[in-house]
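Notes follow the structure.
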Amino acid sequence: MSAGMSASVGQLVAATGGRLVPAQGQSETDAVARVLTGVAGLGDARATDLSFLSNPKYLTMLPTTQAGCVLIGAAQPPLAQTVQVVVANPDHTLGQLVQAFGPKPTHPEPGIHPTAVIGARVVIGARCRIGAYAVVGDDCRLGDDTILHPHVVLAGQVILGNGCILFPQVSVRERCTLGNRVIVHNGTAIGTDGFGYASVDGIHHKIPQIGIVVIEDDVEIGGNTVIDRARFGTTRIGVGSKLDNLVQIAHNVEVGPHCIIVGQAGIAGSTRLGHHVIMAGQAGLAGHLTIGNQVTITAQSGVSKNLPDGLVVRGSPAQEFKAEMVQEVARRKMPEALDRLRRLEARLAELEKLSAGRGVSP
Amino acid sequence: MSAGMSASVGQLVAATGGRLVPAQGQSETDAVARVLTGVAGLGDARATDLSFLSNPKYLTMLPTTQAGCVLIGAAQPPLAQTVQVVVANPDHTLGQLVQAFGPKPTHPEPGIHPTAVIGARVVIGARCRIGAYAVVGDDCRLGDDTILHPHVVLAGQVILGNGCILFPQVSVRERCTLGNRVIVHNGTAIGTDGFGYASVDGIHHKIPQIGIVVIEDDVEIGGNTVIDRARFGTTRIGVGSKLDNLVQIAHNVEVGPHCIIVGQAGIAGSTRLGHHVIMAGQAGLAGHLTIGNQVTITAQSGVSKNLPDGLVVRGSPAQEFKAEMVQEVARRKMPEALDRLRRLEARLAELEKLSAGRGVSP
Amino acid sequence: MSAGMSASVGQLVAATGGRLVPAQGQSETDAVARVLTGVAGLGDARATDLSFLSNPKYLTMLPTTQAGCVLIGAAQPPLAQTVQVVVANPDHTLGQLVQAFGPKPTHPEPGIHPTAVIGARVVIGARCRIGAYAVVGDDCRLGDDTILHPHVVLAGQVILGNGCILFPQVSVRERCTLGNRVIVHNGTAIGTDGFGYASVDGIHHKIPQIGIVVIEDDVEIGGNTVIDRARFGTTRIGVGSKLDNLVQIAHNVEVGPHCIIVGQAGIAGSTRLGHHVIMAGQAGLAGHLTIGNQVTITAQSGVSKNLPDGLVVRGSPAQEFKAEMVQEVARRKMPEALDRLRRLEARLAELEKLSAGRGVSP
Chain A
1 MSAGMSASVG QLVAATGGRL VPAQGQSETD AVARVLTGVA GLGDARATDL SFLSNPKYLT
61 MLPTTQAGCV LIGAAQPPLA QTVQVVVANP DHTLGQLVQA FGPKPTHPEP GIHPTAVIGA
121 RVVIGARCRI GAYAVVGDDC RLGDDTILHP HVVLAGQVIL GNGCILFPQV SVRERCTLGN
181 RVIVHNGTAI GTDGFGYASV DGIHHKIPQI GIVVIEDDVE IGGNTVIDRA RFGTTRIGVG
241 SKLDNLVQIA HNVEVGPHCI IVGQAGIAGS TRLGHHVIMA GQAGLAGHLT IGNQVTITAQ
301 SGVSKNLPDG LVVRGSPAQE FKAEMVQEVA RRKMPEALDR LRRLEARLAE LEKLSAGRGV
361 SP
Chain B
363 MSAGMSASVG QLVAATGGRL VPAQGQSETD AVARVLTGVA GLGDARATDL SFLSNPKYLT
423 MLPTTQAGCV LIGAAQPPLA QTVQVVVANP DHTLGQLVQA FGPKPTHPEP GIHPTAVIGA
483 RVVIGARCRI GAYAVVGDDC RLGDDTILHP HVVLAGQVIL GNGCILFPQV SVRERCTLGN
543 RVIVHNGTAI GTDGFGYASV DGIHHKIPQI GIVVIEDDVE IGGNTVIDRA RFGTTRIGVG
603 SKLDNLVQIA HNVEVGPHCI IVGQAGIAGS TRLGHHVIMA GQAGLAGHLT IGNQVTITAQ
663 SGVSKNLPDG LVVRGSPAQE FKAEMVQEVA RRKMPEALDR LRRLEARLAE LEKLSAGRGV
723 SP
Chain C
725 MSAGMSASVG QLVAATGGRL VPAQGQSETD AVARVLTGVA GLGDARATDL SFLSNPKYLT
785 MLPTTQAGCV LIGAAQPPLA QTVQVVVANP DHTLGQLVQA FGPKPTHPEP GIHPTAVIGA
845 RVVIGARCRI GAYAVVGDDC RLGDDTILHP HVVLAGQVIL GNGCILFPQV SVRERCTLGN
905 RVIVHNGTAI GTDGFGYASV DGIHHKIPQI GIVVIEDDVE IGGNTVIDRA RFGTTRIGVG
965 SKLDNLVQIA HNVEVGPHCI IVGQAGIAGS TRLGHHVIMA GQAGLAGHLT IGNQVTITAQ
1025 SGVSKNLPDG LVVRGSPAQE FKAEMVQEVA RRKMPEALDR LRRLEARLAE LEKLSAGRGV
1085 SP
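These protein sequences, in sequence, are chains A, B and C.
Take the first sequence: its position 340, counting from 1, is numbered 340 in this note's numbering, and each next residue is one higher.
Take the second sequence: its position 271, counting from 1, is numbered 633 in this note's numbering, and each next residue is one higher.
Take the third sequence: its position 264, counting from 1, is numbered 988 in this note's numbering, and each next residue is one higher.
In structure tokens:
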């Protein structure tokens, strides 16, 4: 199934500045006149669909695709039925085209829904949309063009920048701040108490969590993720970072700029990440760590030590990628190695017996 | 503690077609007249409780159980105080009996609660129940007998089949569809944006996610799970599949029919599962994989390769179950093997010295 | 950034009974007169901030801290600018001081918000606060001083003790009970159906889940966690236990008193934990296990066997901590050990050849 849009190949070329490669035997005029009404993957696309080639894994699908047009990074010889539009970054260009010509997400109507509960001294910017049953606590401030979907709950003194989108059932606790163009998906909680207790004689006494969460500009956060407020001070998500669904961010964590934190990953308290860190799915970071810039942590890895800039790690406990890979390969040879060890022992014992029989006592 | 129900053993025998085995010295008439007012596990059950034996692990509890009646797969010699009712599948039969004679879940009153906000052109089937503060967007369609609990939020153009139950705070984004008899538990989000970015010069640009989610008939989904909409096309959960709590389903994933996805498992983008796949708790699948039919992925496993039909895997990275188990056993012998290796080296060096002392130069 | 409070050092000494150690060259009078307006970590603190030293890892920050006052477990020689207040447990004492002198969490106004929907026969204790759009089902009972934040949903017959705080979008299903002083953070679901199916001919039939959840006194539960109701009987969280965010508790689990379950950990069905069990982040327990008292399960561990009292385990599958650590160290030597094994084989073959050339047939 393809998702709807509407544009001619000519419009796409004009919008992208891409280079046109008509299909076999097709004139440029015919190529640019072709109208596309949908977007689909190479395998599903039909003659009226725009498709794209980004992951080289799918290159083999190109000869047989039925797509009307494909965005591609490197021109291929003319295809049987598919117009190529050659662009530097097909993924990014497709995103821009879909934004321009594709369907838009559904947002609440402009203005404030009559059922929304708005507290005292709330400042709401221009062109905001606030959906049904949203609750905005006292002293909140919303920038221009910010959208609260139905059932969003902001506690008191929450500050949101311009152009934010909070989807249904997002909640933000008191005094937390979100920058500009922050997107938060359904059910995510920001500013919950950090998990901190002082244990005395076996009883865990709650340590009050009086800090806040600061989400910087251009951050996007998936659904049902939780970001705890700091014990005191600030839990921070740096500019341009992207968090997926069901991610756990503990108190006083600092995620640097432009990081990618994939689904179900978790970061324990007070750990700091540099910029452009990538945490793959279900990976975990222990608390009180310093993770350098451009570090990559592969899926399900568990990190319990500081990591320098640029390192790629895997495993639990995590190690440098290649070292761990070599160990994993060696581990798979262990059953056979144990057999070889046993045979060596037997052969050596045999040889020792021979040698003793033959030898002179030293 | 036992959960309430009310039926005589005779009623249970009639309802199940099971074979009666009275307690020691008990007449059939006395056995069928016994009244049961609760359901409980073998260890907790009292004389007025129905219990069951399904997991053989609990067979040893049978001689001492106080249960009034036990559903059992294979008849045992008469028990001291407990009537046996022999049925093919005690688990399934117990479920049916509890459904018939036990307490029912609490649902909203029939009709539409006055506080529910219903959009334009919404079609609501017969006998639907819509709870307090539910929000139903424009152009949604609900089949007959479908129940929305309080605080459910449906965006525009969402389609629900007959007999669905959406528990509190479930949210479904625009254009997604659920089949018949779909059950979704508290806080689950369906149709959130997939996690897709095109990175240009270190900046992550959002790729619009314009596809949908299709949940087929008889699917059940646990609480606080997240299912992302497709980039374009469809994220699909196949007929009869069951997802547990806190599961992550990324964009364009296709879960086949009758799969079991246990709590905190996660599936990365574009991976396809066959039918009757079992993913145990906290397991993870990388993206763009093809997982065959009846594959079993054990708890905490991490799969990064395609898997053929019927395979059972474990470990991270996951391998065929027995091979991985043999490696794990070998791994546990490694500390001792290193000692043996050191001793071998010493003995061999000794022998080489002896041999050199004794030998003639070549 | 520091979080606000307001107290003099003298007030803190009076409140804690701590011993005063003035800064270098400072009189006691000057020390107690110092006014603190914030709380911050050692690295961020300024002259007007209270700080603390709890984790010895941060001892090196003491000589250079700018903090006005530090809570500390063992007195250090007088610091350049920082007053020391020596107390037995700086973590716990700081918590008490912040509770007394720091900012308070934002709660709904006293009373019942006019938009809250309260069912029939609901009993609400003294001084309760019920926020906007909360829904309280029929026959619920709330103790004194209990707070429901906006958008909390209680189904029918839910019982809450005194002094509970349920943050926004917490939902509790029918017949579940929470004790006194229970805190539940945003989006957590209590009492969802357990994940139980009887599979017949490849079709998974739902097993009704008619039990309940009991949360005992002084339990705190993080955000977006899910606790399933029992199949029948009770899923129980013991007195004083603390659960973090995104935790999965399956049906019929029994968590003992004073346990600590860290973020993204999961416990499968019917497993029982003793008292003071610690499960670190992303750890998992298989179903039907018995975990003893004071067991510690390290991060990402996967436990598939019963564990006796006091054991510390790590790894997946989990083993006793030191044994697993020794194996992990050995595993890292495996690539080199394989080389040594190959060299041994070559040397032994050489020696065997020599020996055969030299020897007499036996």
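Don't be surprised by glycine CBs; every beta carbon is placed ideally from N, CA and C.
message: Against chain A, with Cβ distances strictly below 8 Å, would B:K695 count as a contact?
response: Yes, contact with chain A.
- request: Measure from the C-beta of B:E712 to each C-beta in chain C and report whether the shortest distance is under 8 Å.
  value: Taking Cβ atoms only, chain C never reaches closer than 8 Å to B:E712, which makes this a no.
field: Beta-carbon neighbours of B:P570, restricted to chain A and to distances below 7 Å
entry: Within chain A, the residues near B:P570 are G95, V98, Q99 and G102.
query: Is B:F683 helix, strand or coil when you go by DSSP?
result: Of the three classes helix, strand and coil, the one that applies to B:F683 here is helix, per DSSP.
- request: Determine, using beta carbons only, whether B:H566 and B:R591 come nearer to each other than 8 Å.
  value: Going by C-beta atoms, B:H566 is not nearer than 8 Å to B:R591.
message: Which residues in chain B have a C-beta closer than 7 Å to the C-beta of C:I939? List them in chain order.
response: Close to C:I939, with beta-carbon spacing below 7 Å, lies no residue of chain B; the smallest spacing is near 15 Å.
message: Quick check on A:E28: does DSSP put it in helix, strand or coil?
response: In the structure shown, A:E28 sits in a helix (DSSP, three-state: H, G or I).
- prompt: Does the separation of the CB atoms of B:V546 and B:E536 fall below 8 Å?
  reply: Cβ atoms of B:V546 and B:E536: not closer than 8 Å.
query: Alpha carbon to alpha carbon, how far is C:A856 from A:G161?
result: Using only the alpha carbons, I get a separation of about 24 Å.
- prompt: In terms of residue numbering, what span does the beta strand (DSSP E) encompassing B:C676 cover?
  reply: In the sequence as displayed, the identity of residue 676 of chain B is Arg instead of Cys. First-last of the beta strand (DSSP E) with B:R676: V674 to R676.
message: Among the candidates B:G602, B:P619, B:G585 and B:F594, whose CA atom is the shortest distance from the CA of B:Q610?
response: For B:Q610, the nearest C-alpha among the options comes from B:G585.
- request: Report the neighbours of C:D917 on chain B: residues whose CB is nearer than 7 Å to its CB, in chain order.
  value: Within chain B, the C-beta atoms nearer than 7 Å to that of C:D917 come from H547, in chain order.
query: Where DSSP assigns a beta bridge to A:S8, which residues make up the other side?
result: DSSP, once it has assigned bridges, lists A:V35 as partnering A:S8.
message: Measuring straight from C-alpha to C-alpha, what distance separates C:P1041 and C:G1026?
response: If you take the alpha carbons of C:P1041 and C:G1026, they lie about 5 Å apart.
Residues that DSSP places opposite C:R865 in a beta bridge: Looking at the DSSP output, C:R865 sits in a beta bridge with C:V847 and C:I883.
task: Quick one: residues in its chain with C-beta nearer than 6 Å to the C-beta of A:V295, no 5 flanking neighbours on either side, listed in chain order?
output: Only V277, L307 and L311 meet the Cβ criterion.
field: Chain-ordered chain E contacts of B:H513 [CB-CB under 8 Å]
entry: Absent here is chain E; the protein component of the structure consists of chains A, B and C.
- request: Go ahead and pull the three-state DSSP assignment for B:K667.
  value: Coil.
query: Would you say B:F683 reaches chain A, if we count a Cβ-Cβ gap shorter than 8 Å as a contact?
result: No - not a single Cβ of chain A is within 8 Å of the one on B:F683.
- prompt: Hey, quick one: how far does the beta strand (DSSP E) through A:L71 stretch, first residue to last?
  reply: According to the DSSP assignment, A:L71 belongs to the beta strand (DSSP E) that extends over C69 to I72.
field: Under the three-state DSSP convention, the category A:V172 falls into
entry: Note: A:V172 maps to strand in three-state DSSP.
task: Using 10 angstroms around the beta-carbon of A:G274, count the other beta-carbons present and answer buried if the total reaches 16, otherwise exposed.
output: The residue is buried, with at least 16 neighbouring Cβ atoms inside 10 Å.
query: Which same chain residues, not among the five before or five after C:I985, have their C-beta less than 6 Å away from its C-beta?
result: Excluding sequence neighbours, C:I985 sits near L967, V971 and M1003.
query: Straight-line CA distance for B:D310 to B:Q681?
result: Because residue 310 of chain B is not part of the residues shown, which for chain B are 363 to 724, the question remains open.
field: Contact with chain B by C:P1086, beta-carbon distance below 8 Å
entry: Note that C:P1086 has pLDDT 40, beneath the 50 cutoff, so the model's placement of it is unreliable and the number below is only indicative. So, not an interface residue.
- prompt: In chain order, which beta strand (DSSP E) runs of at least 3 residues are fully inside the segment 210-239 of chain A?
  reply: For the segment 210-239 of chain A, whole beta strand (DSSP E) runs of length 3 or above, ordered along the chain, are 212-215, 226-228 and 234-237.
query: In chain B, what lies closer than 9 Å to A:K242 by C-beta?
result: Per Cβ cutoff of 9 Å: F557, Y559, H566 and K568.
- prompt: Taking a cut of 8 Å between CB atoms, which residues from the segment 657-684 of chain B lie near chain C?
  reply: Within the segment 657-684 of chain B, the qualifying residues are A661, Q662 and S678.
- request: Identify every residue that forms a DSSP beta bridge with B:I629.
  value: Residue pairing of B:I629 in beta bridges, as defined by DSSP: B:I611 and B:L647.
message: As a quick exercise: from B:T444, B:G366 and B:G649, pick the residue whose alpha carbon is nearest that of B:P425.
response: Of the candidates B:T444, B:G366 and B:G649, the one whose C-alpha sits nearest the C-alpha of B:P425 is B:T444.
- prompt: Based on the DSSP output, what are the partners of A:K242 in its beta bridges?
  reply: According to DSSP, which records beta bridges pairwise, A:K242 is partnered with A:E220 and A:I260.
- prompt: Assuming C:R853 and C:P832 make a contact with CB atoms under 8 Å, what is their CB distance in whole Å?
  reply: 4 Å between Cβ atoms; contact.
Inter-residue CB distance, C:I931 and C:G920 (contact presumed, cutoff 8 Å): So it is a contact: roughly 4 Å between Cβ atoms.
- prompt: Which word fits C:V896, buried or exposed, when buried means at least 16 other C-beta atoms lie within 10 angstroms of its C-beta?
  reply: Buried: at least 16 other Cβ atoms inside 10 Å.
query: Mind checking whether A:V39 and A:S8 have CB atoms under 8 Å apart?
result: Their beta carbons are not under 8 Å apart, which means A:V39 does not touch A:S8 by this criterion.
query: Going along the segment 626-637 of chain B in order, which residues come within less than 7 Å of chain C, judged by CB to CB distance?
result: For the segment 626-637 of chain B, the set of residues with a beta-carbon nearer than 7 Å to any beta-carbon of chain C comprises Q626, in chain order.
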